[in-house]
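Residue numbers (this note's numbering): 32 to 134. Where a beta carbon is used, it is the ideal one built from N, C-alpha and C, also for glycine. Take a look at the structure set out below.
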């Protein structure tokens, strides 16, 4: 896990996938537990994550400043799928679903 803790708050950049691991979604939040709940329960039924059943956490980074988190989210979103998968595998080699750690 990458961690930057200069600020007094905590922000997360995260990557979700679907059960078959064919879709990747990158987001940012200040409450990962709540955000995972929202994705899993499809609280926004018209969203990308709802349409593609994308609610399985496979990667996250932690930041102390929202500006850093947003900048990193943009960097990750601009990566190719292959580079995203390499990043994820450095952190989570087996692409294990990590949601259980945020229940």
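Check, Outcome
"Any 3 or more C-beta pairs closer than 8 Å across the region 81–94 and the region 127–134", "yes"
"Segments of 3+ residues assigned as beta strand (DSSP E) that fall wholly inside the region 52–76", "55–60"
"Within 8 Å, strictly: CB atoms of residue 43 and residue 54", "no"
"Residue 101 in three-state terms, based on DSSP", "helix"
"Helix, strand or coil at residue 89 [DSSP, three-state]", "strand"
"Unbroken alpha helix (DSSP H) run spanning residue 116, endpoints", "112–122"
"Short Cβ contact (8 Å threshold) for residue 70 with residue 57", "no"
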